[in-house]
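Here the sequence shown is numbered in my numbering, starting from 72 and rising by one per residue. Glycine included, C-beta positions come from ideal geometry on N, C-alpha and C. Below is one structure, written out as structure tokens; the observations come after it.
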Amino acid sequence: MFPTETVDNVETLLFAVVVLGILLLAGTLIRIVARPIRRLFLPAALIGGAVGLAFGPYGAGLFPESLIETWSGLPGVLATIVFAPMLMGVRIPKVRETYRMIVPQLLFGYMGAFLMIGVPLVVSALVLMPLWDVDRMFGTLVDVGWPGGHGTAGAMAEVYQEHGWSAGVSLGLTSATVGLVFGITVGMALVNWGVSRGHVTAFGPASETADDRSSDILPESRRTPIGRTAFNKDLVDSLTFHVTLVAVAVLIGWVLQYFIELVVPGMPLFPLAMIGGGIVQAVIGRTPLRGTVDAASLRTIQAVALDLLIVSAVASIHLPLVIDNAGALAVLMVLAAGLAIGFFFLAGPRLFQQNWFEQAIVNFGSLTGVSSVGLMLLRTVDPDLSTITGKAYALSKPFRSPFIGGGLITALVPILAFTRGPLLTGAIFIALFLILLLAARLLGFWRKPAKAARVASSV
Numbered sequence: 072m073f074p075t076e077t078v079d080n081v082e083t084l085l086f087a088v089v090v091l092g093i094l095l096l097a098g099t100l101i102r103i104v105a106r107p108i109r110r111l112f113l114p115a116a117l118i119g120g121a122v123g124l125a126f127g128p129y130g131a132g133l134f135p136e137s138l139i140e141t142w143s144g145l146p147g148v149l150a151t152i153v154f155a156p157m158l159m160g161v162r163i164p165k166v167r168e169t170y171r172m173i174v175p176q177l178l179f180g181y182m183g184a185f186l187m188i189g190v191p192l193v194v195s196a197l198v199l200m201p202l203w204d205v206d207r208m209f210g211t212l213v214d215v216g217w218p219g220g221h222g223t224a225g226a227m228a229e230v231y232q233e234h235g236w237s238a239g240v241s242l243g244l245t246s247a248t249v250g251l252v253f254g255i256t257v258g259m260a261l262v263n264w265g266v267s268r269g270h271v272t273a274f275g276p277a278s279e280t281a282d283d284r285s286s287d288i289l290p291e292s293r294r295t296p297i298g299r300t301a302f303n304k305d306l307v308d309s310l311t312f313h314v315t316l317v318a319v320a321v322l323i324g325w326v327l328q329y330f331i332e333l334v335v336p337g338m339p340l341f342p343l344a345m346i347g348g349g350i351v352q353a354v355i356g357r358t359p360l361r362g363t364v365d366a367a368s369l370r371t372i373q374a375v376a377l378d379l380l381i382v383s384a385v386a387s388i389h390l391p392l393v394i395d396n397a398g399a400l401a402v403l404m405v406l407a408a409g410l411a412i413g414f415f416f417l418a419g420p421r422l423f424q425q426n427w428f429e430q431a432i433v434n435f436g437s438l439t440g441v442s443s444v445g446l447m448l449l450r451t452v453d454p455d456l457s458t459i460t461g462k463a464y465a466l467s468k469p470f471r472s473p474f475i476g477g478g479l480i481t482a483l484v485p486i487l488a489f490t491r492g493p494l495l496t497g498a499i500f501i502a503l504f505l506i507l508l509l510a511a512r513l514l515g516f517w518r519k520p521a522k523a524a525r526v527a528s529s530v
């Protein structure tokens, strides 16, 4: 049940992590100094990973293949740490209180995710597999890389390798990079379009947009603590206590994985660790320790693991595999781009009765380049968070994150594509998209754009 083998060389692992830290520092300095890169909002971890790739065996050759091999084994472990605290330190909102606000967000999120799962799988089965003989899991690269991002792409290494498709790891990371750049650049283009057409209600000349930032170093007035202390220092450090909670969540995840794999072989650990985190939260909420769980401390642990995950994953991309699959991957990326833009214009003005552009753009960012891109685009059009978008988006996340965009459904799709075939799996998710569309219409959430605009103007 548990991996109890002896680690061959702990110092080798330490050196690998040290070099990752240096790459992350290099990425931070490059983004601070290079204004064009800063304007693209590329995270330091992605930049550092690209530097590591440039100095690896397929670049300058400074880093040996043995070091790259060590890095390639880290993303799956780090992803488990990233996902384990996902349901800890948060309060699940009551649906009855926030129904009208969060349901459109949920519909947009789930419909967009199902579309990005189903259509690429069907196209992969009908076009890409006959033309390029790609793997039956090839169509999952869109959902894994775009809504999932680099963290999910790295985490899915366990699934792809378990089912005999090691190339999926490098291709998933490449897909995530394309999605990130696309989400930022096209997202900003959509923002400019929305401003010019008068769809952005909170935008004004005095607003600070994302392009106005001259530095990534925050002034003293905008700096926030990374967590709160809940214990006396002679008992335990608060951050250490939160690390122990993550450890318990991962342990529960291992137990769940053992029993689930008796029925569903190849189930990855990271979504089960997330369920373990929910169990920890439920239990600790009924003990005297319930007030000691600090969400900011848990997010700090996640952030450290995620940064190291992205650096190690990108730096260990196997470039020859990407080049060999360049044609099919290009078709898939163009398809994903078309789906994301088309769904933005189709669903945005119809699902959201109030502040449709702001609510659609934050979800567009999440659909193409994970939540951080969505929040960046939202801050651009709504810098003071004066619309309902920020609250609605935040309230909907607990009902989305555990399942789509890197959650349980994302983890299961490659397994379904492998066992049931991409055509059937894709058809199922397209059917789910159509069912949600019908439900949205019957419940009155899917309106004609003109009608939605009239409702918004009267609020």
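Of all the options the options, which has the alpha carbon lying nearest to the alpha carbon of residue i?
i, options, result
"isoleucine 475", "Met157, Gly132, Val393 and Leu417", "Met157"
"leucine 390", "Leu417, Gly239 and Glu229", "Gly239"
"methionine 72", "Gly324, Arg518 and Ala97", "Gly324"
"alanine 374", "Leu100, Ala115, Ile103 and Arg102", "Ala115"
"leucine 479", "Ile346, Gly492 and Asp455", "Ile346"
"arginine 162", "Thr245, Gly356 and Lys519", "Gly356"
"glutamine 176", "Lys519, Leu495 and Phe435", "Phe435"
"threonine 99", "Asn80, Gly119 and Leu261", "Gly119"
"arginine 450", "Val433, Leu333, Thr83 and Ile350", "Val433"
"proline 74", "Gly515, Arg471, Gln328 and Phe504", "Gln328"
"phenylalanine 312", "Ala131, Ile350, Asp365 and Val354", "Asp365"
"glutamate 233", "Gly497, Arg293 and Thr490", "Thr490"
"serine 437", "Trp142, Leu91, Thr77 and Val252", "Val252"
Using a threshold of 7 Å, state whether the C-beta atoms of residue i and residue j are closer than that.
i, j, result
"glycine 298", "alanine 367", "yes"
"serine 241", "isoleucine 388", "yes"
"phenylalanine 112", "isoleucine 255", "yes"
"threonine 439", "glycine 250", "yes"
"alanine 511", "isoleucine 173", "no"
"alanine 384", "glycine 348", "no"
"arginine 421", "tryptophan 264", "no"
"glycine 380", "glycine 225", "Before going further, note that residue 380 is leucine rather than glycine in the sequence given. Cβ atoms of leucine 380 and glycine 225: closer than 7 Å."
"threonine 358", "alanine 301", "no"
"isoleucine 93", "arginine 102", "no"
"threonine 169", "leucine 466", "yes"
"alanine 97", "valine 122", "yes"
"alanine 399", "valine 262", "no"
"alanine 196", "proline 485", "no"
"arginine 207", "alanine 488", "yes"
"alanine 407", "tryptophan 217", "yes"
"glycine 220", "valine 81", "no"
"leucine 95", "valine 382", "yes"
"alanine 344", "alanine 155", "yes"
"leucine 316", "valine 266", "no"
"leucine 369", "glycine 497", "no"
So is residue i in contact with chain B if we call contact Cβ pairs under 7 Å?
i, result
"alanine 353", "Going by chain labels, chain B is absent from the structure shown, which holds only one protein chain."
Across the stretch 184 to 196 and the stretch 205 to 215, are there enough close Cβ pairs to call them in contact, namely three or more that are closer than 8 Å? Yes, the stretch 184 to 196 is in contact with the stretch 205 to 215.
At 4 residues or longer, and completely inside the stretch 442 to 505: list those alpha helix (DSSP H) runs for me, N to C. 460 to 467 and 479 to 491
Could you give the uninterrupted runs of the alpha helix (DSSP H) lying entirely in the stretch 181 to 212, keeping only those of 4 residues or more? 200 to 203
Contact the stretch 176 to 183 vs the stretch 340 to 354: 3+ CB pairs below 8 Å: no
Does the stretch 144 to 156 touch the stretch 121 to 128, meaning 3 or more C-beta pairs lie closer than 8 Å? no
Would you check if there are 3 or more beta carbon pairs closer than 8 Å linking the stretch 266 to 273 to the stretch 419 to 435? yes
At which residue ranges does the stretch 236 to 314 contain complete alpha helix (DSSP H) runs of 4 or more residues, listed in the order of the chain? The stretch 236 to 314 contains these whole alpha helix (DSSP H) runs: 238 to 267.
Which full runs of the alpha helix (DSSP H) of 4+ residues lie inside the stretch 108 to 186, going along the chain? 115 to 125, 136 to 143 and 145 to 154
Decide yes or no for the touch test of the stretch 77 to 93 against the stretch 134 to 143: beta carbon pairs closer than 8 Å, at least 3 of them. yes
Whether or not the stretch 442 to 456 and the stretch 190 to 199 are in contact is what I'm after, with contact meaning three or more pairs of Cβ atoms, one per stretch, closer than 8 Å; do they touch? no
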